[in-house]
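*Asks:* A single structure is presented below for examination.
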Amino acid sequence: MAVTAIVLVTLPMVGVESWVDYLSGLRQATMVCGDPTFFNPSFACLVAPLVGATVAKWLGLGLAAVLVLLAVRSGPTVTGCTLVAAAIMAPAIELHSHYLAMLYVLVVIALASVSVRARSAAAAPTPEPA
1244 MAVTAIVLVT LPMVGVESWV DYLSGLRQAT MVCGDPTFFN PSFACLVAPL
1294 VGATVAKWLG LGLAAVLVLL AVRSGPTVTG CTLVAAAIMA PAIELHSHYL
1344 AMLYVLVVIA LASVSVRARS AAAAPTPEPA
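1244 is the number of the first residue of the sequence shown in our numbering; add one for each residue after it.
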């Protein structure tokens, strides 16, 4: 159901051909798991030994769909941003070092949130003792 909702929402923006290309790329993609020269902490590589490579790729896509729905429910919060970043990384079968940029962005968002809360608390009037 979540995947269907994402496809229907994005269909007017990207068209049918983009989804056909995405599914073709997902079907033909191969994972680099277990290579000692390439550390790949992707979700697909973590679950592939248990369910196989093909199922692992589709599980990552399903996990991404669930994470998107949770992010929409969370709204524009630090939690929502974290869920969006996880949804972007979940279907990736090869997590390269540039994905760490998302962690940096999440840290910046979290620090900004803490800063806003600290300023709000400092600006709040303090009750005077009687």
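Using N, Cα and C, we set each Cβ at its ideal position, and we do this for glycine too.
Keep in mind that this is a model prediction, so the values were computed, not measured.
1) Have a look at G1305 and A1365 and give me their C-alpha separation to the nearest angstrom.
2) Out of K1300, V1357, L1251, which has the shortest C-alpha to C-alpha gap to T1320?
3) Work out the CA separation of M1332 and F1286 for me, nearest whole Å.
4) When you compare only the Cα positions, how much space is there between P1334 and A1355?
5) Let me know the alpha helix (DSSP H) ranges lying completely inside the stretch 1298-1353, each 4 residues or longer, listed in chain order.
6) Please report the distance separating the alpha-carbon of V1348 from that of T1322.
7) Since L1310 and A1330 are thought to touch, with beta carbons under 8 Å apart, how far apart are those beta carbons, to the nearest angstrom?
8) Quick check on the burial criterion: 16 or more other C-beta atoms within 10 angstroms. Buried or exposed for L1326?
9) Should L1266 go down as buried or exposed, given a rule of 16 or more other Cβ atoms within 10 Å for buried?
*Replies:* In this structure, then:
1) 43 Å
2) V1357
3) 8 Å
4) 28 Å
5) 1321-1332
6) 13 Å
7) 4 Å
8) buried
9) exposed
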